[in-house]
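Chemist: So the sequences go chain by chain: A and B.
If you count the first sequence from 1, position 91 lands on 92 in the working numbering, and the numbers rise without skipping.
If you count the second sequence from 1, position 11 lands on 15 in the working numbering, and the numbers rise without skipping.
Glycine is no exception: its CB is placed at the ideal position from the N, C-alpha and C atoms.
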Amino acid sequence: MKILVLNSGSSSVKFQVVETDLERMNAHQDLTLAVGLVEKIGLSDSRLVLEIVDRKPYQDYREILEHRTAIEWVLRILADPEHGILESVEEIGAVGHRMVHGGEEFASSVLIDPEVVQKIEACSVLAPLHNPPNLRGYYAAHAALPEVPHVAVFDTAFHQTMPAHAFLYGIPFQLYRKHHLRKYGFHGTSHRFVAFRGCQILGWEREEKKLITIHLGNGCSLAAIDHGRSIDTSMGFTPLEGLIMGTRSGDMDPAIIPWLMAMEELTLHQVNTMMNKHSGLYGVSGVSSDMRELLEARAAGNARADVAFRMFCYRIKKYLAAYAAAMGGIDAVFFTGGIGENSPDVREAALTGLEFMGIVLHRDRNAGLVGGEGEISTDESGVRAMVVPTNEERTIARDVVRVLNGIMPTFEPPETIT
Amino acid sequence: MSWELHRVVIVGAGMMGRSLATRIAQEGINVYLKEVSTETVQACKLELEQSLDHEIARFGLTTSEKKAILSRISWVTQFDCATDCDLAVEAVQEDFGLKRRTLRELDRRMPAEHPIVINTSTLSITELAAQNTCPERIVGMHFLYPVTTTRVVEVVRGQLTSDEIYEKAIEFARLLGKVPIKVFEMPGFVTTRVVLPLINEAIHVVMEGVADAAEVDLALKLGFDFRSGPLEWADRTGLDRVLNWMQHIYHESGEPRFRPCPLLKRLVRAGLLGAKTGRGFFEYDANRRRTDRLPDDKPGLA
Numbered sequence: 002m003k004i005l006v007l008n009s010g011s012s013s014v015k016f017q018v019v020e021t022d023l024e025r026m027n028a029h030q031d032l033t034l035a036v037g038l039v040e041k042i043g044l045s046d047s048r049l050v051l052e053i054v055d056r057k058p059y060q061d062y063r064e065i066l067e068h069r070t071a072i073e074w075v076l077r078i079l080a081d082p083e084h085g086i087l088e089s090v091e092e093i094g095a096v097g098h099r100m101v102h103g104g105e106e107f108a109s110s111v112l113i114d115p116e117v118v119q120k121i122e123a124c125s126v127l128a129p130l131h132n133p134p135n136l137r138g139y140y141a142a143h144a145a146l147p148e149v150p151h152v153a154v155f156d157t158a159f160h161q162t163m164p165a166h167a168f169l170y171g172i173p174f175q176l177y178r179k180h181h182l183r184k185y186g187f188h189g190t191s192h193r194f195v196a197f198r199g200c201q202i203l204g205w206e207r208e209e210k211k212l213i214t215i216h217l218g219n220g221c222s223l224a225a226i227d228h229g230r231s232i233d234t235s236m237g238f239t240p241l242e243g244l245i246m247g248t249r250s251g252d253m254d255p256a257i258i259p260w261l262m263a264m265e266e267l268t269l270h271q272v273n274t275m276m277n278k279h280s281g282l283y284g285v286s287g288v289s290s291d292m293r294e295l296l297e298a299r300a301a302g303n304a305r306a307d308v309a310f311r312m313f314c315y316r317i318k319k320y321l322a323a324y325a326a327a328m329g330g331i332d333a334v335f336f337t338g339g340i341g342e343n344s345p346d347v348r349e350a351a352l353t354g355l356e357f358m359g360i361v362l363h364r365d366r367n368a369g370l371v372g373g374e375g376e377i378s379t380d381e382s383g384v385r386a387m388v389v390p391t392n393e394e395r396t397i398a399r400d401v402v403r404v405l406n407g408i409m410p411t412f413e414p415p416e417t418i419t
Numbered sequence: 005m006s007w008e009l010h011r012v013v014i015v016g017a018g019m020m021g022r023s024l025a026t027r028i029a030q031e032g033i034n035v036y037l038k039e040v041s042t043e044t045v046q047a048c049k050l051e052l053e054q055s056l057d058h059e060i061a062r063f064g065l066t067t068s069e070k071k072a073i074l075s076r077i078s079w080v081t082q083f084d085c086a087t088d089c090d091l092a093v094e095a096v097q098e099d100f101g102l103k104r105r106t107l108r109e110l111d112r113r114m115p116a117e118h119p120i121v122i123n124t125s126t127l128s129i130t131e132l133a134a135q136n137t138c139p140e141r142i143v144g145m146h147f148l149y150p151v152t153t154t155r156v157v158e159v160v161r162g163q164l165t166s167d168e169i170y171e172k173a174i175e176f177a178r179l180l181g182k183v184p185i186k187v188f189e190m191p192g193f194v195t196t197r198v199v200l201p202l203i204n205e206a207i208h209v210v211m212e213g214v215a216d217a218a219e220v221d222l223a224l225k226l227g228f229d230f231r232s233g234p235l236e237w238a239d240r241t242g243l244d245r246v247l248n249w250m251q252h253i254y255h256e257s258g259e260p261r262f263r264p265c266p267l268l269k270r271l272v273r274a275g276l277l278g279a280k281t282g283r284g285f286f287e288y289d290a291n292r293r294r295t296d297r298l299p300d301d302k303p304g305l306a
């Protein structure tokens, strides 16, 4: 079945067409037929890019004012005799939508109906920048393809299995009750896929193993996956918590915020953008938020680039050991995301020194693995370390198949605390 | 939005015009910023870049956001650009004749259904609109400086403003993330009318020697949680502008409570206009930072 996967942001729509079904999933033979995006929605110079295997990328510019016209444009191009890949849009059997925040309402991917829409809207208060555009994408796609099923896949759902002692913050309980203020975690689709795929390569049953997945991209997070269930993850109520990222601070003493606001007379907006856009690798190094540029500066002897790099890797190492402790052991570590897949330096610095917990890095294997799938630990290593490129769109497409076949697992919380 | 807004022209690239242009450009809308000459354009351009750099230093903006903002602002010295704009805002000085001439230039060039916004705190929208060919498309919006962060705008209905145009102004306010306060035309509307007597009274307190300027500001800041004291606010706004507003409201209303304090007049006559001249009630450097010693307002931070 051909599935349209949509990831709708405030001014962009990313899309893929994935050919998959139960058989292809089991054989890991899903096909990505087309990848593309529409950007600068709402402006007069919106751009559509479409990439199809073995063809030159196609580009077009026009004025696209809202998501509805953007998605109509995407469908028209996909069915275009010259540039497209479909005979007609009727070939699309279903649509999968990435939704950022499912709150405590959604512990699974679901078929979208009016009640589901209402619940997603209610979650918007938790992700005011993300959920509304996700929904706009859904409304637009539903208007264009009203006959096919639409499925919502949430970034947060996979982490709903966390126990209360992992997801609650040590602040007054009534704030959790009143605002659902707790750790949710993000990148759930990626952590899930990588855990699945890593175990598939190793010939393991995911339900028997203790895994740590490390997603290092623009945003960075780890997940502790114990017997197939996420029991902890480093991002929190928002994607700001946890690891140091390109421009985000990650963990810090929360008392810094009110102190800075008073001392420097910063506004809420200023202190918020300080932590989200002026911090992390960029804020510490003053060089760049891009790991490649940071590594170049470090190689050239830039001391702040070096300390930013060390902070980044040190924080990963601390979380790794913490999550191994949380699970009472560890069988494998999987790296993914732009940095995780392409930076042997980061992987080496993060894993070196963890031999005491059974992780032994194979330096040459690690150094030689850039942008592919494979093992980076020695044959003797008690813990297997691997690089597993992520594919969130494929997971979304597979979830569509699972939901339609009634085999979508639910990531049930182990307990509810009221 | 029920209407399409692609291009806005702002006449006058002073503090208010630049701040408004920045806010509009942040929404991805193209802005023409009109000044009188290439020399003033150069000066205003520099000031805009400096204020964006300042906001970057305060973490409120990133360098790529600055680039995006500047790329959406086109600087012009002629009114011709108004012909293909969906909305115009005049942000020239608070001077009746100058504002009226500006309106006439815009009115002549823009299609009748496009709103023309007067940015004033004290002048009469009705009177300014009266001599135009389409007075019903003229509406008042009193933005408060800095437009980038101040969350309120007073949307002013003149006697002849049409419902349709008024609604467009409300939508424009919401697009910019502002809470619109609907007001009918009356000098000072809400914000200026209430804040001016407060400033005036603070100046009286200083003149009478009850407390010095810094202590007056500190008391009000800490007592009522103001972000800045009324005297510093007046300094930053420009004492000449404050005096101008006050005289205008005083003349319009005839109410003695709006009579400007003699000390304010004296400072303006002496050319001590506040932050822009380096001295008013307080002292400032070229970057408008206070240079006088601030009283200790942060005791007990542990």
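Would you grab the beta carbon distance between Phe100 of chain B and Leu127 of chain B for me? Rounded to a whole angstrom, and I think it's under 8 Å.
Modeler: 6 Å
Chemist: Counting only Cβ pairs nearer than 7 Å, list the residues of chain B close to Gln440 of chain A.
Modeler: Nothing can be reported for residue 440 of chain A: it is not among the residues displayed for chain A, which extend from 2 to 419.
Chemist: In its own chain, which residues sit with a C-beta less than 6 Å from the C-beta of Val285 of chain A, not counting the 5 before and 5 after it?
Modeler: Around Val285 of chain A, the same chain offers Ala309 as residues with beta carbons nearer than 6 Å, after the five sequence neighbours per side are excluded.
Chemist: At what residues does the alpha helix (DSSP H) containing Val347 of chain A begin and finish?
Modeler: Annotation for Val347 of chain A: the continuous alpha helix (DSSP H) segment containing it runs 345 to 352.
Chemist: Determine whether the Cβ of Thr295 of chain B lies closer than 8 Å to any Cβ atom of chain A.
Modeler: no
Chemist: To test your reading of the DSSP string, which unbroken beta strand (DSSP E) runs of 3 or more residues are found completely within the segment 52 to 134 of chain A?
Modeler: List check, beta strand (DSSP E) in window: 59 to 65, 93 to 100.
Chemist: Of the choices A:Arg403, A:Lys120, A:Ile93, A:Val36, whose alpha-carbon is the least far from that of Glu394 of chain A?
Modeler: A:Val36
Chemist: What's the C-alpha gap between Leu56 of chain B and Thr274 of chain A?
Modeler: 15 Å
Chemist: Using the Cα positions of Thr33 of chain A and Asp22 of chain A, report the straight-line distance between them to the nearest angstrom.
Modeler: Counting only the Cα atoms, Asp22 of chain A lies some 12 Å from Thr33 of chain A.
Chemist: Would you verify that the beta carbon of Gly227 of chain B is, or is not, closer than 8 Å to some beta carbon of chain A?
Modeler: no
Chemist: What does the Cβ neighbour count give for Ala95 of chain B, buried or exposed, with the cut at 16 atoms within 10 Å?
Modeler: buried
Chemist: Which residues does DSSP pair with Gln17 of chain A in a beta bridge?
Modeler: A:Val6, A:Val36
Chemist: For Val54 of chain A, count neighbouring C-beta atoms within 10 Å of its own C-beta (all shown protein chains included) and say buried if the count is 16 or more, exposed if not.
Modeler: exposed
Chemist: Assuming Lys179 of chain A contacts Asp332 of chain A under a Cβ cut-off of 8 Å, what Cβ separation, rounded to an integer in Å, is found between them?
Modeler: The Cβ separation is near 40 Å, so there is no contact.
Chemist: How about Leu282 of chain A and Ile245 of chain A: are their beta carbons less than 8 Å apart?
Modeler: yes
Chemist: Can you name the residues that DSSP bridges to Asn34 of chain B?
Modeler: B:Arg11.
Chemist: Which residue's Cα is closest to the Cα of Val149 of chain A: A:Asn277, A:Glu242, A:Glu91, A:Gly338?
Modeler: A:Glu91
Chemist: Between the C-alpha atoms of Ser166 of chain B and Arg112 of chain B, what's the straight-line distance to the nearest angstrom?
Modeler: 18 Å
Chemist: Less than 8 Å between CB atoms is the rule here; does Met100 of chain A satisfy it with respect to chain B?
Modeler: no
Chemist: What runs of the beta strand (DSSP E), each 3 residues or longer, lie entirely inside the segment 212 to 270 of chain B?
Modeler: Those beta strand (DSSP E) runs which fall completely within the segment 212 to 270 of chain B and span 3+ residues do not exist here.
Chemist: Find out if the Cβ-Cβ distance for the pair Met100 of chain A, Ala153 of chain A is shorter than 8 Å.
Modeler: Ala153 of chain A sits close to Met100 of chain A, with the two beta carbons spaced by under 8 Å.
Chemist: Please state whether the Cβ-Cβ distance between Val384 of chain A and Gly407 of chain A is less than 8 Å.
Modeler: No. Outside cutoff.
Chemist: Can a CB atom of chain B be found closer than 8 Å to the CB of Thr274 of chain A?
Modeler: yes
Chemist: Using beta carbons (cut-off 8 Å, strictly below), is Gly32 of chain B in contact with chain A?
Modeler: yes
Chemist: Helix, strand or coil: which one does DSSP assign to Ile417 of chain A?
Modeler: The residue you asked about is not Ile; residue 417 of chain A is Thr in the sequence shown. Residue state, collapsed to three classes: coil.
Chemist: So that I know if they touch, is there some Cβ in chain B lying closer than 8 Å to that of Ser45 of chain A?
Modeler: yes
Chemist: Trp260 of chain A: buried (16+ other C-beta within 10 angstroms of its C-beta) or exposed?
Modeler: exposed
Chemist: Exposed or buried, Gln17 of chain A, counting other C-beta atoms within 10 Å across all chains shown (16 or more means buried)?
Modeler: buried
Chemist: Per DSSP, which residues does Met26 of chain A bridge with? Please list them.
Modeler: Per DSSP, none; premise fails for Met26 of chain A.
Chemist: Per DSSP, what kind of secondary structure is Leu50 of chain B in: helix, strand or coil?
Modeler: Under the three-state reduction of DSSP output, Leu50 of chain B falls in the helix class.
Chemist: Below 8 Å, how does it come out for the segment 29 to 41 of chain B and the segment 82 to 89 of chain B: are there three or more Cβ pairs, yes or no?
Modeler: yes
Chemist: Pull up the distance between the alpha-carbon of Ala92 of chain B and that of Asp400 of chain A, whole angstroms please.
Modeler: 50 Å
Chemist: Chain A partners of Thr153 of chain B, CB-CB under 8 Å?
Modeler: Thr268, His270
Chemist: Return the residue from the list A:Thr396, A:Leu223, A:Val96 that minimises the CA-CA distance to Tyr320 of chain A.
Modeler: A:Leu223
Chemist: Relative to the C-alpha of Phe313 of chain A, which residue among A:Ala80, A:Asp291, A:Val126 is closest?
Modeler: A:Asp291
Chemist: Distance check for Ile65 of chain A and Ile72 of chain A, CA to CA, integer angstroms please.
Modeler: Just so you know, the alpha carbons of Ile72 of chain A and Ile65 of chain A end up roughly 10 Å apart.
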